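To keep things clear, I will list the structure first and then write my remarks on it.
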Amino acid sequence: MGKVTLLVESSEDKKNKKLDKDIQKLFDYPILNINPYMILKFNIKNNRISPAKRRYDIISFFFTFITNALCIYRLFTVDFTTVATSTVNKLVVVPARCYPMITIFALTVTFILSFVHKHNIVSFLLKIETLNRSINIKKDIKPFVLWNRVYIAMVFIMNIFILGMFYSTFAYLGTNDRILDCFNDIVCVLTDINSIMSIRMIVLLRKYVDEWIKMLLELKQERRNYEKCVSLFETYEEILAAHDLYKTIFQTVILFLASFYIFLRSMCNVFISVEFSWTIATFLLLSKNILLIVVQSACCEKFQMSIEEVESACIILMKNRNCPESQKRLCKNILRRNESFSKMSACGLFYVDAVLPMALAEVISKYIIAILQFLFL
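The numbering of the sequence shown is the numbering used here, which starts it at 5 and goes up by one.
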């Protein structure tokens, strides 16, 4: 795991921790409020934000402990050999036992992330609040909130549909085993919401960058604008600071709960589906997981392209013959600042860009072919 950095709040953040209603609406969904594995968890009182209370940490800990205990129980009681149709395919018990281990791993990592990044989450949301006051995107907030709910509902419904296909096509020897497995899988569905919020937060940051570029290009129509240039540079600094906090919070989510988690679960599903005719459900689950990675990578790539557009806008502004000295200084400072900008990475192991989905699909395809050869040749 990459080194986790705890970023200290600035004195300004400590003095002003008030969130406007627009920002609060971004996270005002029932599923987010009751989700014990929600990473972007915080406390709001009198419109002021603070880290999640210790009570929430205790509830999440006990929920994780109980779920992990159930997974450990299933780890030692799962038995598919009695219903397998061939001696070779009795090996499905190996990936079947990987299921509880993957669940334990995913839930434990999620709980640790939500606890470690409590203060970073508050700092990140305060940066978003600062940007929202400096950059006017109010016309986009309501559609953005609506699409947040749509995406969360779509992923949740798709997961429930896939689980329904799994549990309706497999004959369990006991009802208790079916209930335990179904409960553990539903809990894993809650972790997908973190992937959705990761995607939506980088989309929100990109909206601020695009609107900031428009504000920068409007300087061509002005002469004396020293104060506005200073304000634009400070706002751009806030955007990059928010992006740094975003990377700190979500890089481990992408590494463990997306790539690593997706890869292992996909392999287990493929191995088991060959024996138990879960092919359609496995295909849907694999497609959903890869789609999450594709969308995440595409959104990160678009944000990086927006940063490149900032540089292009600066060059256009500087080429103007009548460009005032204050604007030239602003553009030079921005170009200098962008030299330290880095792509979104998953704990430094790989970049989250357009190449990631293709690389992941290639690896999964090779392993699927290897599994099929092992089972049928």
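Note that the Cβ used here is the ideal one computed from N, Cα and C, for glycine as well.
In this text, all values refer to a predicted model and were calculated from it rather than measured experimentally.
Using CA atoms only, rank isn't needed, just tell me which of the options is closest to residue i.
{"i": "Ala-76", "options": "Thr-107, Cys-327, Val-298 and Leu-117", "result": "The sequence shown places Ile at residue 76, not Ala. Here the closest residue by C-alpha is Thr-107."}
{"i": "Ile-125", "options": "Lys-323, Ile-53 and Ala-317", "result": "Ile-53"}
{"i": "Phe-31", "options": "Ile-217, Asn-198 and Val-193", "result": "Asn-198"}
{"i": "Asp-181", "options": "Leu-79, Gly-352 and Lys-21", "result": "Leu-79"}
{"i": "Asn-324", "options": "Ile-156, Lys-370 and Leu-221", "result": "Leu-221"}
{"i": "Thr-71", "options": "Ile-183, Ser-118, Phe-165 and Asn-47", "result": "Ile-183"}
{"i": "Gln-308", "options": "Glu-329, Ser-344, Phe-109 and Lys-122", "result": "Ser-344"}
{"i": "Ile-320", "options": "Cys-304, Leu-339, Val-367 and Glu-305", "result": "Leu-339"}
{"i": "Ile-387", "options": "Tyr-355, Ser-330, Leu-111 and Ile-368", "result": "Any answer about residue 387 is impossible in this case: the structure gives the chain only from 5 up to 381."}
{"i": "Ala-358", "options": "Pro-147, Met-348 and Tyr-230", "result": "Met-348"}
{"i": "Lys-146", "options": "Phe-66, Lys-218, Leu-353 and Asp-26", "result": "Asp-26"}
{"i": "Ala-317", "options": "Ser-346, Phe-287, Val-191 and Asn-342", "result": "Asn-342"}
{"i": "Ser-202", "options": "Lys-218, Gln-255 and Tyr-103", "result": "Gln-255"}
{"i": "Phe-160", "options": "Ile-141, Lys-45, Lys-292 and Lys-49", "result": "Lys-292"}
{"i": "Cys-192", "options": "Gln-377, Leu-289, Met-219 and Ile-63", "result": "Leu-289"}
{"i": "Thr-252", "options": "Ile-141, Trp-151 and Ser-346", "result": "Ser-346"}
{"i": "Ser-64", "options": "Gln-225, Pro-104 and Ile-38", "result": "Ile-38"}
{"i": "Val-257", "options": "Ile-48, Ile-116, Tyr-103 and Asn-47", "result": "Ile-116"}
Which same chain residues end up closer than 6 Å to residue i when comparing Cβ atoms and leaving out the 5 residues on each side of it in sequence?
{"i": "Val-87", "result": "With a pLDDT of only 47 at Val-87, under 50, the local geometry of the prediction cannot be trusted, and the value read off the model is given with reservation. Same-chain partners within the cutoff: there are none."}
{"i": "Tyr-41", "result": "Thr-114, Leu-194 and Thr-195"}
{"i": "Tyr-189", "result": "As written in the sequence, residue 189 is Asp, which differs from the Tyr given in the question. So the qualifying residues of the chain are Leu-167."}
{"i": "Tyr-155", "result": "Ile-200"}
{"i": "Lys-29", "result": "Val-149"}
{"i": "Lys-7", "result": "Reliability of the predicted coordinates at Lys-7 is poor, the pLDDT of 46 falling under 50, and the value obtained from them is presented with this limitation in mind. Here the set comprises nothing."}
{"i": "Ala-73", "result": "none"}
{"i": "Phe-260", "result": "Val-113"}
{"i": "Ile-284", "result": "none"}
Going by DSSP in three states, residue i sits in which element: helix, strand or coil?
{"i": "Pro-417", "result": "No answer is possible for residue 417: the residues shown for the chain start at 5 and end at 381."}
{"i": "Phe-109", "result": "helix"}
{"i": "Ser-346", "result": "coil"}
{"i": "Lys-21", "result": "coil"}
{"i": "Tyr-33", "result": "coil"}
{"i": "Asn-188", "result": "helix"}
{"i": "Ile-43", "result": "coil"}
{"i": "Arg-325", "result": "coil"}
{"i": "Glu-366", "result": "helix"}
{"i": "Glu-226", "result": "coil"}
{"i": "Cys-351", "result": "coil"}
{"i": "Thr-9", "result": "Any answer about Thr-9 is weak, because its pLDDT of 46 lies below 50 and its placement is not dependable; what the coordinates show is given next. Reduced to three states, the DSSP call for Thr-9 is coil."}
I need the boundaries of the beta strand (DSSP E) containing residue i, first residue and last residue.
{"i": "Lys-49", "result": "46 to 49"}
Leaving out five residues before and five after residue i in sequence, what residues of the same chain have Cβ atoms less than 7 Å from its Cβ?
{"i": "Asp-144", "result": "Lys-211"}
{"i": "Asp-24", "result": "Glu-133 and Asn-136"}
{"i": "Pro-361", "result": "Ile-294, Ile-297, Val-298 and Ser-301"}
{"i": "Ala-246", "result": "Phe-128, Lys-131, Ile-132, Leu-135 and Leu-209"}
{"i": "Met-322", "result": "Lys-332 and Cys-335"}
{"i": "Asp-214", "result": "Ser-310"}
{"i": "Lys-122", "result": "Pro-55 and Ala-56"}
{"i": "Asp-61", "result": "Phe-119"}
{"i": "Phe-67", "result": "Pro-40"}
{"i": "Asn-51", "result": "Lys-22 and Leu-23"}
{"i": "Ala-350", "result": "Gln-255, Ile-258, Leu-259, Ser-263 and Val-356"}
Counting along the chain, where does the alpha helix (DSSP H) carrying residue i start and finish?
{"i": "Gln-331", "result": "329 to 342"}
{"i": "Leu-130", "result": "122 to 138"}
{"i": "Asp-357", "result": "Run containing Asp-357: none; DSSP gives neither H nor E here."}
{"i": "Val-149", "result": "142 to 172"}
{"i": "Glu-242", "result": "230 to 256"}
What does a CB cutoff of less than 8 Å around residue i pick up in its chain, not counting 5 residues either side in sequence?
{"i": "Trp-216", "result": "Ile-139, Leu-236, Thr-239, Tyr-240, Ile-243 and Val-314"}
{"i": "Leu-364", "result": "Ser-263, Ile-266, Phe-267, Ile-294 and Ile-297"}
{"i": "Asn-229", "result": "Leu-223, Pro-328, Ser-330 and Gln-331"}
{"i": "Arg-153", "result": "Tyr-33"}
Compare the C-beta of residue i against all C-beta atoms of chain C and say whether one is closer than 7 Å.
{"i": "Gln-377", "result": "Annotation note: the requested chain C is absent from the structure, which comprises a single protein chain."}
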